[in-house]
Amino acid sequence: YQELPVKDEL
Amino acid sequence: MNIFRLAGDMSHLLSVILLLLKIRTTKSCAGISLKTQELYVVVFLARYLNLFTRYYSFYNTVMKLVFIATSVCIVWYMRFHKVVKQTYNKDLDTFRHYVVIPPCFLLALLVHHEFTVMEVLWTFSLYLEAVAILPQLILLQRTRNIDNLTGNYIFLLGAYRALYLLNWIYRFFMEKAQARWISWISGLVQTALYADFFYYYIKSWKNNEKLKLPA
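Protein sequences appear in the order of chains F and E.
The numbering of the first sequence is the numbering used here, which starts it at 1074 and goes up by one.
The numbering of the second sequence is the numbering used here, which starts it at 419 and goes up by one.
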C-alpha cells in the first residue's frame, strides 16, 4: 500500500 | 506543489494570522466562535500526526507546526486571556460542536482508504474540517455587525479549501494522481457551506457596504 500523494498536502 | 495549493496554503495561513492579529490588537474575540476554533484544534491534531512519522519537506513540517500552534493559541486567548475572554459571545456561540465529533469519527471508521490508526484519524480530520465552520457561520448570522477582520478571516478560510479543490483537479489531470474521493467530497461539502457567506461577502464588497448575513 503506497502512501497516497495527498499526504504531502496540509 | 502547484500554484493552487500554494495559494490555498497562503490563504489558510493568512486567515489564522489575521484572526490572531485581530484578537491581539483589538484584545477582542467578539464575533468569533470558540467552538469552531476548538474543532480546528482537533482537526489539526488528528491530521498532522504524521508530523512525527513522515518528513515530506521543510515547508510541510513548518506549516503543520504553525497551524497547530496558532489554533491552540487562539483557543487559549478566547478561554484564558483575562481581557479577551470577556469579549467572547458565549450566549450566541451555542452550537453544540461536540455533537459533530462522534458522527465524523464513526464515518471515518466506515469510509476510509485503509483501516489503520493514522488513516482513520486523517479521514476523521477531513470530515470534521468540512463541518468545523458551522458554529462560526451560525454565530455570524446572530452577530449584529460583523467587523471587517472577521469577515476577511472567514473569506480566506473558505477560499483555502476552494483553492484546494482546484489543486486536486490539477493533480488529477497533470500528475495522473488517482481519484481521492474522500478528500474531494469533504472539500466540496466544506466549500459549499461557505456559498452563501461568499455571496453576501462579495455583495458587501461590491456595494462597499457593511457585511450582513440574513438571520
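Glycine included, every Cβ here is placed at the ideal spot set by N, Cα and C.
Are the beta-carbon atoms belonging to residue i and residue j less than 7 Å from one another?
| i | j | result |
| --- | --- | --- |
| E:G576 | E:Y618 | no |
| E:L436 | E:N570 | yes |
| E:T512 | E:L438 | no |
| E:Y588 | E:F422 | yes |
| E:L546 | E:V434 | no |
| E:H410 | E:P553 | Any answer about residue 410 of chain E is impossible in this case: the structure gives chain E only from 419 up to 633. |
| E:T454 | E:A610 | no |
Give a yes or no on whether 7 Å exceeds the smallest Cβ distance from residue i to chain F.
| i | result |
| --- | --- |
| E:M536 | no |
| E:Y474 | yes |
| E:M481 | yes |
| E:D427 | yes |
Look up residue i in the DSSP assignment and say whether it is helix, strand or coil.
| i | result |
| --- | --- |
| E:H531 | coil |
| E:V518 | coil |
| E:T471 | coil |
| E:C447 | coil |
| F:Y1074 | For F:Y1074, the predicted model reports a pLDDT of 42, less than 50, meaning its position is unreliable; a value from the coordinates is still stated below. If DSSP states are grouped into helix, strand and coil, F:Y1074 belongs with coil. |
| E:Q596 | coil |
| E:L510 | coil |
| E:H499 | coil |
So, is residue i buried or exposed, given that buried needs 16 or more other C-beta atoms within 10 angstroms?
| i | result |
| --- | --- |
| E:M496 | buried |
| E:W599 | exposed |
| F:Y1074 | With a pLDDT of 42 at F:Y1074, under the threshold of 50, the modelled position of this residue cannot be trusted; read the value that follows with caution. By the neighbour-count rule (16 or more Cβ atoms within 10 Å), F:Y1074 is not buried but exposed. |
Answer with yes or no whether the minimum CB distance from residue i to chain E is below 7 Å.
| i | result |
| --- | --- |
| F:Y1074 | Its pLDDT being 42, under 50, F:Y1074 is placed unreliably in this model, and the coordinates cannot settle the point. |
Problem - Against chain F: residues of the stretch 481-510 of chain E by CB proximity under 8 Å - result: M481, K482, F485
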